[in-house]
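Q: In the numbering used here, the protein residues as written are 1052 to 1587.
We put the CB at the ideal spot given by N, CA and C, even for glycine.
Pasting a structure below so you can have a look.
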Amino acid sequence: MNTKYIFVTGGVVSSLGKGIISSSLARLLLSRGYRVTIQKFDPYINIDPGTLNPYEHGECYVTSDGHEADLDLGHYERFTNIKTSRANNVTTGRIYQAVIDKERRGDYLGKTVQIIPHITDEIKRNVKLLGKTGDYDFVITEIGGTVGDIESTPYLEAVRQLKWELGRDALFIHLTYVPYLKAAKELKTKPTQHSVKMLQSVGIQPDVLVLRTEKELPAAMLRKVGLFCNVAPEAVIQSIDQPTIYQVPLRMHDQHLDDIVIKLMDADPTPEPNMDRWNTFLHKLANATEVVNIGLVGKYVELQDAYKSINESLMQAATYLDRKINIVYIHSEKLTDSNVEERLKDMDGVVIAPGFGQRGIEGKFVALKYCREHDVPTFGICLGMQCMVIEFARNVLGLTDANSTEMDTKTPHNVIDLMEEQKSISNMGGTMRLGAYDCVLREGSRAAEAYGRTNISERHRHRFEFNDDYRQQFEDGGMKCVGENPETHLVEVVEIPEKRWFIGTQYHPEYQSTVLDPNPIFLSFVKAAIDYSKEK
Ligand code: GLN
C-alpha cells in the first residue's frame, strides 16, 4: 500500500489538543498493525524551541538524535512508543534556512526566490521525508497554529498542493471547538462553521471534523455541522473532555475514527486494534485509590507544561504501582530554611527539577539538605543532579561556596563545570550536549538495581557536568559516581547508597518514559516513595 498522509489542522482557538488527537489516531492505527509516524510543523521562526523559555512554549523535548523539539513530540512518543527524530519536528525557521542556504549555494540561480513555490516546495519535501523511507504506512502531520494565522498560510498552501498530488493518499482532519454558553444554555457550532469556511477558502476541504467540547453534542448537531461543512455525517466526531488524555484513543475508536480514515484512504484492511495493554494501564489508572505524594521543586511551577514529561513519567510509574499520583509543585524561589520542613514534611518523595540559571537555585539546595538529612527519597534530574552534587560538596565535604560555574564563574570549588567541548562554543541554539548517550552503571548500585541492567542509554540536554577532579573526594565522602559514559567517562549518575533512595541523573529519563514502557528509574523512585510512606 502507498504511504498515506494525514494532515491535522486546528481552528477556532489554540490549545485544542491536535497533538493528542494525532497521537490517539496513531495509537489506534499502530494497534491495528500499521506502521505509523507523526510529525509536527511549527509556524514560528525559531529554528527549534531550544532557545525558548518554558513560559513561551512549555517544556523543550529532546529526541534521541539530539533535536530540541516541541513538547507534542513527547505526547507522540508516550502514546506510540515510536522514537521521534529531527525529521519529526520542522519549524518555519528551518524551512527558510534551508531555502536561503540553497539560494546562497546558487541552486535557484537566475530565479526570484518566493514563498510560492520555493518555501511551499521545501515544506512539501519535508512533509514527505519520513514517508519516502518506505518505513511507514501512515505519516500523520500536525500543522501547528490555528487556521487563519498569517504564519500558517504557507503550510496550508503546501498541503493543499499535496492533496492534488496524492489524491486518496492524503486526508484532512480538522479540529475545532464547540463552546457552551452557560447563560443561553446552548452549544454553539458557528465558530466551527466559520473555521471550516476559512479552510475551504484556502482550497482545503476537511474529510473529518473533530469537535472538541465540554458537553455531549447531540447527534442532530453533528449531522448539521456535517451538512454545513460538506463532511459526511459519520466523519463528524466529538471529543469530549476526558478524565485523562489516555482515554482519548478509546473515545476516538468508539466513534470509528480509525475505520473512517482507513475507509476514506482505501488502506489495506486490518483487524480491530488490540488495546489490551493500553486498557490494563487505564484500568489501573482509574482504580488506584491510595495516593503517593511527590514534591516537585522547580522554578516554573505555575506552568505545569514546563515539566510535562516529568509529570507524565511520575504518573505512569505510580499507575503501574497502583497508586494515584499527587504531584505537589514547590516553588524553589520561595523555599527557605524556615519553611522547608512545613513544605516538605508530607512528601513521600521529592524531585529536584532540571533548569537553567541562578534563579531559584538556593531553594533547591535548601530542599536537598532537608531531604538528605531526613532521608526522604530524592531524585535530582539534570540541574537537579548538579544541585545534589553542590549541596553535598558544601554541607558534607565542607567545600564552602562550592558551585557550578553556570551560577558563579569564580567559585573556589567548581564541582560542576562547563564541559571541555562547550568552552569554545558561542552560539546558543542546538549546541548543548543533546540526545541519547550510553551510560554504564556500577554493578550493585541502586541505579543498576532500578534498571535491572548496567548498560543503558538516556537522553541529555546540558552544557555543564560533574567536575572529575572532585570525583575521589565525593566517593570518599559517601556520594558515589555510579554511572558514567563509557567513552568520555563523564559522570552521569550519582547516588548516596546509605540513603533510602537518593539518586541524581545528569540525563533526563523523563524523555524515555511511555505509557506502555515506563522508565525503570521512575518506577524505582516512586516505589521507594511508596515504601517510605508506609514506614512514616
Ligand atoms: N543548566 C544545566 C546545564 O546546562 C542543567 C540543564 C538542565 O537541567 N537541562 O548543564
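Roughly how many angstroms separate the alpha carbons of Gly1534 and Gln1557, rounded to a whole number?
A: Rounded to whole angstroms, Gly1534 to Gln1557 spans 9 Å at the Cα level.
Q: Going by DSSP in three states, Ile1507 sits in which element: helix, strand or coil?
A: Ile1507 falls in the strand class under three-state DSSP.
Q: Is any heavy atom of the ligand GLN found at a distance shorter than 6 Å from the C-beta of Cys1433?
A: Cys1433: yes, Cβ under 6 Å from the ligand GLN.
Q: The ligand NAP and Gly1406: does the residue's C-beta get closer than 6 Å to at least one heavy atom of that ligand?
A: Ligands present in the displayed structure are limited to the ligand GLN, and the ligand NAP is not among them.
Q: The ligand GLN heavy atoms versus the CB of His1513: any closer than 6 Å?
A: Yes - the ligand GLN has a heavy atom lying nearer than 6 Å to the Cβ of His1513.
Q: What are the partner residues of Asp1305, as DSSP defines its beta bridges?
A: DSSP lists no partner for Asp1305.
Q: Taking 7 Å as the cut-off, decide whether the C-beta atoms of His1069 and Leu1226 are in contact.
A: The question names His, but residue 1069 in the sequence shown is Lys. For Lys1069 and Leu1226, yes; Cβs fall inside 7 Å.
Q: Examine the Cβ distances between the segment 1515-1525 and the segment 1391-1408 and report whether three or more of them are shorter than 8 Å.
A: Short answer: they don't touch.
Q: Mind checking who Phe1573 pairs with in its DSSP beta bridge?
A: Bridge partners of Phe1573: none, in fact.
Q: Could you name the residues of the same chain whose beta carbon sits closer than 6 Å to that of Ile1166, not counting the 5 residues immediately before and after it, in chain order?
A: If we look at Ile1166 and ignore the five residues flanking it on each side, its Cβ neighbours are Pro1205.
Q: Could you tell me the distance, in whole angstroms, from the CA atom of Asp1158 to the CA atom of Ile1170?
A: Rounded to the nearest angstrom, the two C-alpha atoms are 14 Å apart.
Q: How long is the line joining the alpha carbons of Arg1453 and Gln1409, rounded to whole angstroms?
A: Contrary to the premise, residue 1453 reads as Ala rather than Arg in this sequence. Roughly 14 Å separates the two Cα atoms.
Q: When you compare the CB positions of Ser1364 and Glu1561, do they come within less than 7 Å of one another, or not?
A: Yes, they are a contact pair.
Q: Could you tell me the alpha carbon to alpha carbon distance between Pro1320 and Ser1082, rounded to whole angstroms?
A: Those two C-alpha atoms are separated by around 13 Å.
Q: Check the DSSP bridge columns for His1513 and list the partner residues they point to.
A: Partner(s): Arg1484.
Q: Counting beta carbon pairs with one atom in the segment 1361-1376 and one in the segment 1387-1396, are three or more of them shorter than 8 Å?
A: The segment 1387-1396 is not in contact with the segment 1361-1376.
Q: Tell me which same chain residues have a C-beta within less than 7 Å of the C-beta of Leu1015, skipping the five on either side of it?
A: In this structure the chain extends from 1052 to 1587, so residue 1015 is not present and cannot be described.
Q: Give me the Cβ distance between Ile1255 and Leu1207, rounded to the nearest whole Å; I'm assuming they're in contact under 8 Å.
A: Ile1255 to Leu1207, Cβ: 6 Å. Contact.
Q: Under a Cβ-count criterion, where at least 16 other Cβ atoms within 10 Å of its own Cβ denotes burial, should Asp1123 be classed as buried or exposed?
A: The residue in question, Asp1123, is buried, as its Cβ has 16 or more Cβ neighbours within 10 Å.
Q: If you draw a straight line from the C-alpha of Tyr1231 to the C-alpha of Glu1237, how long is it?
A: Looking at the two C-alpha atoms, the distance is approximately 6 Å.
Q: Using the beta-carbon count (16 or more within 10 Å), is Gln1090 buried or exposed?
A: It is buried - the Cβ of Gln1090 has at least 16 other Cβ atoms within 10 Å.
Q: Just to confirm my understanding: we take His1118, look at its own chain, exclude 5 residues before and 5 after, and list those with CB closer than 7 Å. What are they?
A: Excluding positions up to five away in sequence, the list reads Asp1099, Ser1136, Arg1137 and Asn1140.
Q: What number of angstroms, rounded off, separates the C-alpha of Phe1430 from the C-alpha of Pro1548?
A: Each residue's alpha carbon lies about 13 Å from the other.
Q: Can you tell me the Cα-Cα spacing of Tyr1187 and Ala1337, whole angstroms?
A: Straight-line Cα distance between these residues: approximately 33 Å.
Q: With DSSP as the reference, label Leu1080 as helix, strand or coil.
A: Residue state, collapsed to three classes: helix.
Q: Do Glu1265 and Asp1309 have their CB atoms nearer than 7 Å?
A: No.
Q: Do Ala1357 and Pro1105 count as a contact pair if the criterion is CB distance below 7 Å?
A: Contact flag set, yes.
Q: Helix, strand or coil: which one does DSSP assign to Glu1285?
A: Residue state, collapsed to three classes: helix.
Q: Please classify Leu1250 as buried or exposed, where buried requires at least 16 neighbouring CB atoms within 10 angstroms.
A: Burial call: buried.
Q: Have a look at Phe1058 and Ser1584 and give me their C-alpha separation to the nearest angstrom.
A: Spanning the two alpha carbons is a distance of roughly 47 Å.
Q: Using DSSP's beta-bridge definition, name the partner residues of Ile1345.
A: For Ile1345, which the question treats as bridged, DSSP gives the partners Ile1378 and Gly1400.
Q: What separation, rounded to the nearest whole angstrom, lies between the Cα atoms of His1304 and Ala1404?
A: Using only the alpha carbons, I get a separation of about 36 Å.
Q: Give the range of the beta strand (DSSP E) segment to which Tyr1056 is assigned.
A: Here the beta strand (DSSP E) through Tyr1056 covers Lys1055 to Gly1061.
Q: Once you ignore the five residues that flank Tyr1228 on each side, which residues in its own chain have a CB closer than 7 Å to its CB?
A: Result list for Tyr1228: Val1063, Val1064, Leu1067, Pro1242 and Arg1263, in chain order.
Q: With 16 as the cutoff for other CB atoms within 10 Å, does Pro1269 come out buried or exposed?
A: Exposed.
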